[in-house]
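In what follows, a structure is listed as structure tokens, so that the remarks can point back to it.
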Amino acid sequence: MDTQSGEFTRYDPTNWLYVGMSYFTIFNSSWMSKEEVKTVVPESVLKKQKRNEEWALVKKQEQESAKKKRAQTRKLIWSRAKQYAKEYDDQQKELISLKREAKLKGGFYVDPEAKLLFIIRIRGINAMDPKSRKILQLLRLRQIFNGVFLKVNKATVNMLHRVEPYVTYGYPNLKSVRELIYKRGYGKVDRQRIALTDNSIIEQVLGKHGIICIEDLIHEILTVGPHFREANNFLWPFKLKAPLGGMKKKRNHYVEGGDAGNREDYINELIRRMN
1 MDTQSGEFTR YDPTNWLYVG MSYFTIFNSS WMSKEEVKTV VPESVLKKQK
51 RNEEWALVKK QEQESAKKKR AQTRKLIWSR AKQYAKEYDD QQKELISLKR
101 EAKLKGGFYV DPEAKLLFII RIRGINAMDP KSRKILQLLR LRQIFNGVFL
151 KVNKATVNML HRVEPYVTYG YPNLKSVREL IYKRGYGKVD RQRIALTDNS
201 IIEQVLGKHG IICIEDLIHE ILTVGPHFRE ANNFLWPFKL KAPLGGMKKK
251 RNHYVEGGDA GNREDYINEL IRRMN
């Protein structure tokens, strides 16, 4: 009923629907303004966030620990290198002093017997007997111009006499050992030939023997230390190039003007030409 005109109006349901929707909109907006909308985060997401934070913390601690360990290792390597350099210098000075003393007394100084050999294969497999071939395999000299270090003992000398026509050998000095390992040194890691580009490769295999860097390896080989066998087995046989100027007579002994056999200290000159 219209109150102004006093007449009855016809019922229109759309008017009531409009009024209801308007009232709901006003009520809903007023309620939204009073309370903030809270987003519910699933429990699995919270667990994942916590786990990632824990992993990040552990990784950071591991990185800091590894960094600290690397710094300590570098410091230890530096101190050992200085110690070895001093040891080599003292030995050289003592040798010079002994030679001068012997000369003043009218005598000659005889160098102590060598403990280390370097063997190079100079001939192929043509006309080679089976026993010599087996010995060369035991010495790890499977290819021509392969080279290996060996400890001087009775067994080694006997084997070298047997294969003397196929190899040449002698007593390497500090310079030769260092240049060979630095320039052509490869290690055996999981039966793989790996270049010695990082001290960590050496530490991984020989760290349990106290050999953690390339200077430790050189010192162990040169002095034929207590872990020479492990250090030498770690080194892959050296693959040398053909010597500058070529070979003279591979079938003749060195003392006869050839190349085969023991050439003592003159092996160092051959190493320079082949390295």
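Start counting the sequence shown at 1; every next residue gets the next number (this note's numbering).
Don't be surprised by glycine CBs; every beta carbon is placed ideally from N, CA and C.
Where the alpha helix (DSSP H) through residue i begins and ends
i: Thr156; result: 154-162
i: Leu76; result: 43-104
i: Ala231; result: 228-234
i: Val177; result: 174-184
i: Leu206; result: 199-206
C-beta atoms of residue i and residue j nearer than 8 Å
i: Lys248; j: Gly261; result: no
i: Leu244; j: Tyr169; result: no
i: Ile181; j: Ile214; result: yes
i: Ile120; j: Leu240; result: yes
i: Val152; j: Ala114; result: yes
i: Arg162; j: Ile135; result: yes
i: Asn233; j: Pro172; result: no
i: Tyr184; j: Asn275; result: Residue identity differs from the one stated: residue 184 is Arg in this sequence, not Tyr. Taking 8 Å as the Cβ cut-off, Arg184 and Asn275 qualify as a contacting pair.
i: Val167; j: Ile122; result: yes
i: Ser176; j: Ile271; result: yes
i: Val224; j: Val205; result: no
Which of helix, strand or coil DSSP assigns to residue i
i: Ile144; result: coil
i: Ala166; result: According to the sequence as given, residue 166 is Tyr; it is not Ala. It is helical.
i: Val19; result: At Val19, the pLDDT of 48 sits below 50, so the modelled position is not reliable and the matter cannot be decided from this model.
i: Asn126; result: coil
i: Asn262; result: strand
i: Ile212; result: coil
i: Asn275; result: coil
i: Gly246; result: coil
i: Val255; result: helix
i: Arg133; result: helix
i: Leu139; result: coil
i: Leu150; result: strand
i: Leu196; result: coil
i: Lys34; result: Below a pLDDT of 50, predicted positions are generally treated as unreliable, and Lys34, at 47, falls in that range; no measurement from the model is reported.
i: Glu269; result: helix
Buried or exposed (CB count within 10 angstroms, at least 16 for buried), residue i
i: Ile202; result: buried
i: Tyr266; result: exposed
i: Ile125; result: exposed
i: Leu141; result: buried
i: Arg273; result: exposed
i: Phe27; result: Annotation note: pLDDT 47 at Phe27 (below 50); position unreliable, no value reported.
i: Lys34; result: Note that Lys34 scores 47 on pLDDT, short of 50, meaning its location in the model is unreliable; the coordinates nonetheless yield the value given after this. That one is exposed.
i: Gly187; result: buried
i: Leu46; result: exposed
i: Ala66; result: exposed
i: Arg70; result: exposed
i: Ala242; result: exposed
i: Tyr23; result: Caution applies to Tyr23, whose pLDDT of 47 falls short of 50 and renders its modelled position unreliable; the value that the coordinates give is listed next. Answer is exposed; the Cβ neighbour count stays below 16.
Contact belief for residue i with residue j at Cβ below 8 Å, rounded distance in angstroms
i: Asn146; j: Pro237; result: 5 Å
i: Ile77; j: Asn199; result: 7 Å
i: Leu174; j: Tyr88; result: 6 Å
Run of the beta strand (DSSP E) containing residue i, from where it starts to where it stops
i: Arg121; result: 116-121
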